[in-house]
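Here the numbering used here is used: the first residue of the sequence shown is 5, the next is one more, and so on. All C-beta atoms in this analysis are idealised placements derived from N, C-alpha and C, irrespective of residue type, glycine included. Below is one structure, written out as structure tokens; the observations come after it.
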Amino acid sequence: MKIAIMGAMVEEIEPLLEYFKEYEIVDYADNRYYFAKYKDLELIIAYSKIGKVFAALTAATMIERFKATKLLFSGVAGAISSDLKIGDLIVATKLAQHDLDITAFGHPFGYVPEGKVFIESDKELLDISKKVANSKGIYLKEGVIATGDQFVNSSEKKEWIQKTFHADALEMEGASVAVVCDALDIPFFILRSISDSADMDAGFDFEEFLKSSSKKSASFLISMLDEIATA
Ligand code: ADE
């Protein structure tokens, strides 16, 4: 089985590269792809660079060019829900683009014709994540993740996203990866560990906790690979 593993920033995939140690490297479309073997799995690992466009390009490349049949994303997010603290894990049940706005034409936020506001994650991968969390006694929140090309550092903006999309966390890539995987019929899973609370302290917290939260997300993802490999 060929599994794509994505992050947005190098810090988000570094713990994975350190764990798998040996890989082949292929440079393509201004990005670097790392190929590793783990148990009976073939892994393709890359960070896309920040934002929806780069993330969509990387996801599409991993699927179309490198033939990944599942895609797992690991990284950090800003918390919206008050039960998410720094370092906690959230997995997206569904994702929406909070910055997609053609409301001028009577459409809801996050919607364009022939698209959908929310894209649902793969149920089997969600079940595997719940199993891993239960067996390891790890708190894993399931919730809605909202994505946009903005680093959110304002309580007003965060409350608007909460109210409009009932989102529990926000970040800058997940929904675009979801759109690509949904269109190409590839099961996907978006995992995030909280780095900040998307409020006025967000910039400071993000820099402080990017590495430690990235590690928590990556280590959970590795446990999921163990489960997928033995399944
Ligand atoms: N990823 C982590 N924290 C974030 C924030 N506050 N806004 C957007 N993306 C993020």
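For the pair glutamate 177 and phenylalanine 77, the CB atoms are nearer than the 9 Å cut-off. For glycine 55, same chain residues with a beta-carbon under 6 Å away, outside a window of 5 residues either side, are Asp153, Met176 in chain order. For aspartate 103, the shortest separation between its Cβ and any heavy atom of the ligand ADE does not lie below 8 Å. Residue pairing of leucine 144 in beta bridges, as defined by DSSP: Leu93. The three-state reading of DSSP puts threonine 234 in helix, counting H, G and I together.
In this structure, the C-beta of methionine 176 approaches the ligand ADE to less than 8 Å from one of its heavy atoms. Of the other Cβ atoms in all chains shown, fewer than 16 fall within 10 Å of the Cβ of serine 139; this residue is therefore exposed. Residue state for alanine 108 is assigned as helix, using DSSP reduced to three classes. Following the DSSP letters along the chain, one finds isoleucine 17 inside the alpha helix (DSSP H) bounded by residues 14 to 24. Residue range 28 to 32 is occupied by the beta strand (DSSP E) that includes valine 30, with no alpha helix (DSSP H) assigned at that position. No Cβ-Cβ contact shorter than 9 Å links alanine 72 with glycine 11. In the three-state reduction of the DSSP assignment, glycine 79 falls in the strand class, which pools E and B. When secondary structure is reduced to three states using DSSP, isoleucine 7 falls in the strand class. In this structure, DSSP gives glutamine 154 a state outside helix and strand, which the three-state scheme calls coil.
Set against 8 Å, the gap from the CB of valine 181 to the closest heavy atom of the ligand ADE is not smaller.
Rounded to the nearest angstrom, the gap between the Cα atoms of proline 191 and threonine 65 is 15 Å.
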